[in-house]
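Here is the structure we will look at, set down as structure tokens.
Next comes the structure, spelled out in structure tokens:
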């Protein structure tokens with residue numbers, strides 16, 4: 001979300017729903033809605049041994065193999081703005097990543113070693129969040145045995161003191177998601193997956209920031 | 212057979228931490244943890260009822276952004292009504308001569324003249340008006356490319372003293388038990404304190420229908436005795452037709468008004484305030500009428516006297532509607548009243564004549580302003596034996 005004044009959104013919400021010392025305001029981005037249909041439910045089949053598949057998400061999605069680099073737009077991710085006071089402590093500012101994936105290993109020979117979901121955040125000026133930014137959250141799912149079907153769901157948060165906190169409190173960040181499907185050493189990938197849930201939620205308690 | 216003067220026992224509600232804005236000065240940490248703006252505003256909206264269960268702000272408010280949609284959700288309860296909502300008593304509006312009804316008043320009659328002096332302190336309502344595009348979006352429409360979305364809102368609290376003088380002209384009908392009365396009235400008021408929050412939000416989407424630009428202008432205006440003042444006057448005209456057992460009333464409030472405000476103003480941006488500007492003045496005058504019509508019928512059934520009344524109010528920005536049923540039997544009076552003032556309210560009262568006067572107890576149930584949740588409170592009224600004659 002690009003904007004000149006992120007405060008506007010919070011004030012809008014405040015007007016619409018009221019406020020108290022315990023009211024938490026959440027900017028909830030349904031990342032799944034930005035994923036192309038063919039990437040929400042898809043097949044991954046690598047032709048080379050040990051070749052990983054990378055699904056880059058935000059502001060759209062692209063599935064790449066090996067060392068292929070995402071295009072410039074995907075490398076910049078999306079910009080999120082939200083209000084943060086000059087002293088950000090105390091407002092319970094947090095960023096949450098929630099993901100849910102169903103995975104079926106179609107290979108009869110090779111395991112899938114792991115599926116890794118990384119949330120990268122960087123400063124607003126960044127041209128490549130994946131190399132210049134920070135992998136603020138990482139969710140690792142254990143992979144799947146041949147022919148095995150697994151369902152994975154987890155959420156993680158950046159809170160005060162976590163990696164990425166310093167960038168988060170700038171109130172103007174770029175972020176993107178990379179999902180890595182990693183074959184077992186010496187194997188190839190042949191799998192079917194369905195992303196069932198993928199959201200980023202930035203939340204805070206505005207009342208705590210009243211001077 | 213009135214129920215007497217209602218006591219502003221709602222003021223006691225401000226002793227609770229969740230409704231006490233003065234905590235900000237006394238105990239800043241407690242204010243941050245306990246104060247609830249919705250509870251405070253709800254109590255301010257109901258000065259005659261001590262709210263036992265005031266409306267509360269939601270614990271979580273989610274602005275959900277999907278590719279082409281923006282949704283708002285809370286943990287239960289509906290979102291705030293999107294319209295112009297009048298303040299306490301249904302007649303007041305921000306920056307208007309339609310000031311709130313006095314919570315305490317002293318009426319004096321000299322023949323056909325009547326003077327009514329009182330003090331008021333209440334919300335004067337709020338406006339929350341999204342443009343057509345934003346309204347559609349909040350109702351579930353998708354974002355359109357290269358479209359502007361805007362929201363205008365205003366919320367105000369007013370406190371002061373008011374005095375009105377009216378004269379009753381009786382038109383002779385020549386028939387017994389019938390009468391037509393014309394009552395012109397001038398109402399003047401002096402504002403002791405006034406706070407107003409104004410907010411304008413504008414967003415535009417790009418060619419892809421994604422929000423690309425936000426702008427907001429928030430400003431605060433306030434006055435208190437050592438910092439500005441406000442006041443004004445308005446002219447009202449009323450007419451009453453009595454033809455037993457019927458009574459019909461027509462009123463035009465705010466037929467002409469003049470309203471002056473001088474106070475401090477400040478722009479508020481992103482948790483920091485720009486320096487307060489010098490004294491800001493505004494003068495409003497002209498006509499902004501609120502038209503009231505009411506009718507009541509009185510009927511005796513056995514030993515019980517019944518009154519059934521209905522009224523409606525029409526203003527450029529809002530509508531009011533009320534229905535009342537009152538019954539008196541011996542020393543007892545019971546009343547059931549329901550009203551629509553952009554929210555529903557329902558009040559039951561029971562009163563009894565005692566040796567010192569008439570004492571009434573009420574229970575009020577209403578959709579809270581802003582949050583639209585149901586809250587309830589209790590009220591008391593009293594009329595001395597001397598005035599009840």
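Protein chains in written order, with this note's numbering: chain A, 1 to 211; chain B, 212 to 600. Heads up, the beta-carbon is just placed ideally off N, CA and C, and yes, glycines get one too. Please read all numbers here as calculations on a predicted model, not as lab measurements.
Cα-Cα separation between residue 498(B) and residue 400(B), rounded to whole angstroms
Counting from one through the second chain, the residue named residue 498(B) turns up at place 287. Counting from one through the second chain, the residue named residue 400(B) turns up at place 189. A direct Cα-to-Cα measurement between residue 498(B) and residue 400(B) gives close to 17 Å.
For residue 510(B): DSSP bridge partner residues:
For the purposes of this step, residue 510(B) is taken as residue 299 along the second chain, with counting starting at 1. According to DSSP, which records beta bridges pairwise, residue 510(B) is partnered with 517(B).
Bounding residues of the alpha helix (DSSP H) (the contiguous stretch that carries residue 248(B)):
In the second chain, the residue the question calls residue 248(B) occupies position 37. Note, residue 248(B): alpha helix (DSSP H), 248-256.
Less than 6 Å between C-beta atoms, sequence neighbours within five positions excluded: which residues of the same chain meet that for residue 549(B)?
In the second chain, counting from the first residue as 1, residue 549(B) sits at position 338. Taking residue 549(B) as the centre and dropping the five residues before and after it, the same chain places the C-beta of 534 and 557 closer than 6 Å to its C-beta, in chain order.
Give me the chain B residues within the contact set of residue 28(A), using Cβ-Cβ distance strictly less than 8 Å, ordered along the chain.
Along the first chain, read from residue 1 onward, the residue named residue 28(A) stands at position 28. Below the 8 Å Cβ cutoff, chain B contributes 273, 274, 275 and 276 as neighbours of residue 28(A), in chain order.
According to a CB-to-CB cut-off of less than 7 Å, which residues of the segment 364-380 of chain B neighbour chain A?
Here the close residues are 364.
Could you work out which residues of chain B lie near residue 118(A), taking near to mean beta carbons separated by less than 8 Å?
Along the first chain, read from residue 1 onward, the residue named residue 118(A) stands at position 118. Result: empty, since nearest Cβ-Cβ is about 21 Å, beyond 8 Å.
Could you tell me whether the Cβ atoms of residue 279(B) and residue 354(B) are closer together than 9 Å?
In the second chain, counting from the first residue as 1, residue 279(B) sits at position 68. In the second chain, counting from the first residue as 1, residue 354(B) sits at position 143. Yes.
Put residue 238(B) into one of helix, strand or coil per three-state DSSP.
The residue you call residue 238(B) lines up with position 27 of the second chain. Coil at residue 238(B), not helix or strand.
Determine whether the Cβ of residue 77(A) lies closer than 9 Å to any Cβ atom of chain B.
Looking up residue 77(A) in the first chain gives position 77. Using a CB distance cut-off of 9 Å, residue 77(A) does not count as an interface residue toward chain B.
I need the boundaries of the beta strand (DSSP E) containing residue 76(A), first residue and last residue.
Residue numbering aside, residue 76(A) sits at position 76 when the first chain is read from its first letter. According to the DSSP assignment, residue 76(A) belongs to no beta strand (DSSP E) but to the alpha helix (DSSP H) extending over 72-76.
Can you list, in chain order, the residues of its chain whose CB lies under 8 Å from that of residue 482(B), leaving out five sequence neighbours each side?
By one-based count along the second chain, residue 482(B) stands at place 271. Its pLDDT being 46, under 50, residue 482(B) is placed unreliably in this model, and the value from its coordinates should be taken loosely. Same-chain partners within the cutoff: there are none.
Contact with chain B by residue 210(A), beta-carbon distance below 9 Å
Here residue 210(A) refers to the residue found at position 210 of the first chain. At least one chain B Cβ lies under 9 Å of residue 210(A).
Should residue 177(A) go down as buried or exposed, given a rule of 16 or more other Cβ atoms within 10 Å for buried?
For the purposes of this step, residue 177(A) is identified with residue 177 of the first chain, where counting begins at 1. Result: buried.
Going by DSSP, what residue range makes up the alpha helix (DSSP H) through residue 166(A)?
Here residue 166(A) refers to the residue found at position 166 of the first chain. Counted as a single uninterrupted DSSP element, the alpha helix (DSSP H) harbouring residue 166(A) occupies residues 165-168.
Outcome for residue 513(B) when other beta-carbon atoms lying within 10 angstroms are tallied against a minimum of 16:
Counted from its first residue, the second chain places residue 513(B) at position 302. So residue 513(B) counts as exposed.
Taking the alpha-carbon positions, what's the residue 492(B) to residue 532(B) distance?
One-based indexing of the second chain puts residue 492(B) at position 281. One-based indexing of the second chain puts residue 532(B) at position 321. Here the C-alpha atom of residue 492(B) lies approximately 35 Å from the C-alpha atom of residue 532(B).
In this structure, how does DSSP classify residue 482(B) when only helix, strand and coil are distinguished?
Position 271 of the second chain holds residue 482(B). Bear in mind that a pLDDT of 46 at residue 482(B), under 50, signals an unreliable position, so the model cannot answer this.
Any C-beta of chain A under 9 Å from that of residue 244(B)
Counting from 1 along the second chain, the entry for residue 244(B) is found at position 33. Output row for residue 244(B): interface = yes.
Three-state secondary structure (DSSP) of residue 343(B)
In the second chain, the residue the question calls residue 343(B) occupies position 132. Three-state DSSP puts residue 343(B) in a helix.
Say whether the segment 147-156 of chain A touches the segment 225-233 of chain B, bearing in mind that this needs 3 or more beta-carbon pairs closer than 8 Å, one atom from each stretch.
By the Cβ test, the segment 147-156 of chain A is not in contact with the segment 225-233 of chain B, since fewer than three Cβ pairs between them sit closer than 8 Å.
I believe residue 376(B) touches residue 326(B) by the beta-carbon criterion, under 8 Å. Please report the beta-carbon distance rounded to the nearest angstrom.
Your numbering for residue 376(B) matches position 165 in the second chain. Your numbering for residue 326(B) matches position 115 in the second chain. Distance from residue 376(B) to residue 326(B) at the Cβ level is roughly 5 Å; contact confirmed, criterion being Cβ atoms closer than 8 Å.
Please check if any C-beta of chain C sits within less than 9 Å of the C-beta of residue 143(A).
Included in the structure are the protein chains A and B, with no chain C among them.
According to DSSP, is residue 388(B) part of a helix, a strand, or is it coil?
Here residue 388(B) refers to the residue found at position 177 when the second chain is read from its first residue. DSSP places residue 388(B) in the coil class of the three-state scheme, outside both helix and strand.
Unbroken alpha helix (DSSP H) run spanning residue 272(B), endpoints:
The residue given as residue 272(B) occupies position 61 in the second chain. That residue, residue 272(B), is in no alpha helix (DSSP H); its beta strand (DSSP E) goes 271-276.
Distance, Cα to Cα, residue 153(A) vs residue 41(A)?
Looking up residue 153(A) in the first chain gives position 153. Looking up residue 41(A) in the first chain gives position 41. Taking the straight line from one Cα to the other gives about 16 Å.
Outcome for residue 193(A) when other beta-carbon atoms lying within 10 angstroms are tallied against a minimum of 16:
On the first chain, residue 193(A) is found 193 positions in, with the first residue counted as 1. With 16 or more other Cβ atoms within 10 Å, it is buried.
Assign residue 457(B) to buried or exposed, taking buried as 16 or more other Cβ atoms, counted over all protein chains shown, within 10 Å of its Cβ.
For the purposes of this step, residue 457(B) is taken as the residue at position 246 of the second chain. When all chains shown are included, residue 457(B) counts as exposed.
Kindly list, in the order they appear in chain B, the residues whose Cβ is closer than 8 Å to that of residue 24(A).
Your numbering for residue 24(A) matches position 24 in the first chain. In chain order: 270, 271 and 272.
C-alpha distance - residue 285(B) paired with residue 106(A), whole-angstrom precision:
Here residue 285(B) is taken as the residue at index 74 of the second chain, counted from 1. Here residue 106(A) is taken as the residue at index 106 of the first chain, counted from 1. The alpha-carbon atoms of residue 285(B) and residue 106(A) are separated by roughly 42 Å.
First through last residue of the beta strand (DSSP E) which encompasses residue 213(A)
Missing from the structure shown is residue 213(A); chain A here goes from 1 to 211 and no further.
Give a yes or no on contact between the segment 433-442 of chain B and the segment 378-398 of chain B, applying the rule of three or more CB pairs nearer than 8 Å.
Contact between the segment 433-442 of chain B and the segment 378-398 of chain B is absent, with fewer than three C-beta pairs closer than 8 Å.
Delimiting residues of the beta strand (DSSP E) encompassing residue 353(B):
Residue numbering aside, residue 353(B) sits at position 142 when the second chain is read from its first letter. Neither: residue 353(B) is in no beta strand (DSSP E) and is coded neither H nor E.
Closer than 9 Å to chain B by CB, residue 19(A):
Translated into the one-based positions of the first chain, residue 19(A) becomes position 19. Chain B, which has a Cβ nearer than 9 Å to the Cβ of residue 19(A), makes this yes.
Consult DSSP for residue 560(B) and reduce its assignment to one of helix, strand or coil.
Here residue 560(B) is taken as the residue at index 349 of the second chain, counted from 1. Looking at residue 560(B) - three-state DSSP - the assignment turns out to be strand.
Chain A partners of residue 477(B), CB-CB under 8 Å?
By 1-based counting over the second chain, the position of residue 477(B) is 266. Using a Cβ-Cβ cut-off of 8 Å, residue 477(B) is close to nothing in chain A; its nearest Cβ partner there is about 13 Å away.
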